[in-house]
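The block underneath contains the structure these notes are about, expressed in structure tokens.
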Amino acid sequence: MRIQSLLRGVSVAASVMVATTAACADEVANWPSKTIEIVIPNGPGGPTDILARNLARATEPVFGQEVVVVNKPGGGGATQMTIVKAAKPDGYTLGVNTLTQFTAMKTSLEGVFTIDDFDWISMLQQDSYMLFVSADSPYQTFDDFVAAVKTSGELPNVGGFGSIGSVSNVASELATNAAGIDINWVGYNKTADTIANVLGGHVDVGSANAGSLREFVEAGRVRVIGVLSDLRNPALPDAPTYTELGYDVDTDWQQIRGLVAPAGVPDEIKQKLAEGLREAVNSQEFKEYEALSGVVPRFLGPDEYTAFAKKLDTLAVKGLQAAGIR
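So the sequence shown is residues 63 to 388, counted in the numbering used here.
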């Protein structure tokens, strides 16, 4: 009797397993079958929010489902990362990630999140950091700036968005350290404040991205003296890169925007997501948004993006050390 009961139990367990496996297979085969959420770590109106909303419009016709943007600011990105990490790994909850989260995971959020908490679905774009001066600055080039600092022996004031250890600060430190000089970082709450203080002569040099600088460059009010990238930015084609100027700087340290999911999404769904996202970002409307924003498209699929995330995870430590944080 006991053997028969045991066999019945095994039979029931096997039936449940088969049913569960079949349900999972159906879920994967029918994905997507409901609304997809893109959770961002910022409020409305910023570059990340604008990306997410343009991406949502571009992906809806591709996936045939509603794609909604959910703003979850707070905790230096911790609120959004918590939501994404805790979500069911079924491809319906995604998060926009930026370079800021890599530095956060090595500072304020160290021990709370790691890159292994997420599946890296697709990288979409890069946004290189640039050092710039006012049009009446004596520094015509980055070399002029470096030479003047070495001659004076004084620390120049370099301003940008965020405190010491922010991604803009790290980008500036990587460039100036490669040139053999140190800087005094002045952090601002908005990039607009950075530009205003450079124009007002309150800081010697500023750090910002192409989208924020283009109108000032075109108006002849500021001059870009160095770009942290392998290639010149199409939005500001006259701005030279540190690489072409002969400085050995790791050009992977650029603002990035991509999509992550909670760890454990089935491979088939990750591939469906990546293929759909590739189609969406190649749409004419999305390309026009990127051109206007001054960002550079760079698409990486799950395997490539996972490898790149590991590289950025290591580079974040190097950059924070350059900024004197670690």
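Even glycine gets a Cβ: it sits at the ideal position worked out from N, Cα and C.
With a cut-off of 8 Å on the beta carbons, I'd call residue i and residue j a contact; round off their distance for me.
i, j, result
"Tyr304", "Gly326", "In fact, because the Cβ distance is near 39 Å, the residues do not count as touching under 8 Å."
"Val358", "Gln163", "Wrong, their Cβ atoms sit about 20 Å apart, outside the cutoff."
"Ser234", "Leu193", "7 Å"
"Val51", "Leu382", "Nothing can be reported for residue 51: it is not among the residues displayed for the chain, which extend from 63 to 388."
"Gly242", "Gly224", "That pair is no contact at about 24 Å."
"Asp205", "Leu307", "7 Å"
Helix, strand or coil for residue i per DSSP?
i, result
"Thr160", "strand"
"Gly139", "helix"
"Pro324", "strand"
"Val358", "strand"
"Ile145", "helix"
"Gly338", "helix"
"Gly249", "strand"
"Ser170", "coil"
"Gly221", "strand"
"Ile389", "Beyond the ends of the chain as shown, which are 63 and 388, falls residue 389; an answer cannot be given."
"Tyr367", "helix"
"Tyr351", "helix"
"Thr376", "helix"
"Arg276", "helix"
"Lys150", "coil"
"Val80", "With a pLDDT of 45 at Val80, under the threshold of 50, the modelled position of this residue cannot be trusted, and the question is left open."
"Leu261", "helix"
"Asn239", "helix"
"Ile331", "helix"
Let me check one thing: in DSSP terms, what residues is residue i bridge-paired to?
i, result
"Val232", "DSSP output for Val232 lists no bridge partner at all."
"Ala270", "Met192"
"Phe175", "Glu172"
"Val130", "Glu99"
"Gln317", "Asp189"
"Thr155", "Glu99"
For the alpha helix (DSSP H) that contains residue i, what are its first and last residues?
i, result
"Ser184", "Ser184 -> not in any alpha helix (DSSP H); beta strand (DSSP E) instead, spanning Phe180 to Asp189."
"Ile112", "Pro109 to Phe125"
"Thr413", "Only positions 63 to 388 of the chain appear in this structure, which leaves residue 413 out of reach."
"Thr213", "Phe204 to Ser214"
Return the first residue and the last residue of the beta strand (DSSP E) that residue i is part of.
i, result
"Val289", "Val284 to Val289"
Practice task
Would you be able to state if there are at least three C-beta pairs under 8 Å between the region 312 to 331 and the region 294 to 301?
Solution key: no
Handout entry: At least three beta-carbon pairs within less than 8 Å, the region 167 to 183 to the region 112 to 131
Key = no
Exercise for the section: For the region 265 to 285 and the region 343 to 358, state whether three or more C-beta atom pairs, one from each stretch, are separated by less than 8 Å. Expected result: yes
Problem - Stretch-stretch touch, CB-based, cutoff 8 Å, three pairs: the region 217 to 235 with the region 144 to 159 - result: no
Practice task
Would you check if there are 3 or more beta carbon pairs closer than 8 Å linking the region 105 to 121 to the region 328 to 345?
Solution key: yes
Exercise for the section: Take every Cβ of the region 96 to 111, pair it with every Cβ of the region 130 to 144, and state whether three or more of those distances are shorter than 8 Å. Expected result: yes
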